[in-house]
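If you count by my numbering, then the sequence shown holds residues 3 to 73, one letter each, in order. Single-structure report; data block below.
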Amino acid sequence: MKEPIFKITHRDPSSKARAGILKTAHGEVKTPVFMPVGTQATVKTISNDELLGAGAQIILSNSYHLYLRPG
3 MKEPIFKITH
13 RDPSSKARAG
23 ILKTAHGEVK
33 TPVFMPVGTQ
43 ATVKTISNDE
53 LLGAGAQIIL
63 SNSYHLYLRP
73 G
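In structure tokens form, the structure reads like this:
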């Protein structure tokens with residue numbers, strides 16, 4: 003049996019809050035997590051050092067934007 007992609011590690015009994023681990027091909031991401039969005043393959047108005055300082059472990063991007071305007 004395959005290991006789940008998202009594994010819940012903790013649940014709050016008084017709410018629906020939960021913490022877990024999201025497994026990707028590039029590593030594991032502990033949730034909940036600050037997940038900035040990179041439009042056209044870059045995160046605007048914040049430096050790499052600031053992203054790391056904020057605890058960003060993953061960046062969301064939309065490959066459709068790159069398909070429309072590559073480069």
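Don't be surprised by glycine CBs; every beta carbon is placed ideally from N, CA and C.
Alpha-carbon spacing of residue i relative to residue j, whole angstroms
i, j, result
"H67", "I61", "15 Å"
"Q59", "F36", "8 Å"
"I7", "V39", "21 Å"
"E5", "P34", "20 Å"
Within 9 Å, strictly: CB atoms of residue i and residue j
i, j, result
"L24", "K32", "yes"
"S63", "T41", "yes"
Cβ neighbours of residue i in the same chain (closer than 7 Å, five flanking residues each side left out)
i, result
"K9", "G22, I23"
"T44", "none"
Beta-carbon proximity list for residue i, same chain, < 6 Å, skipping 5 on both sides
i, result
"R20", "I10, R13"
Element boundaries [beta strand (DSSP E), containing residue i]
i, result
"G29", "29 to 33"
Start and end residues, alpha helix (DSSP H) containing residue i
i, result
"G55", "50 to 55"
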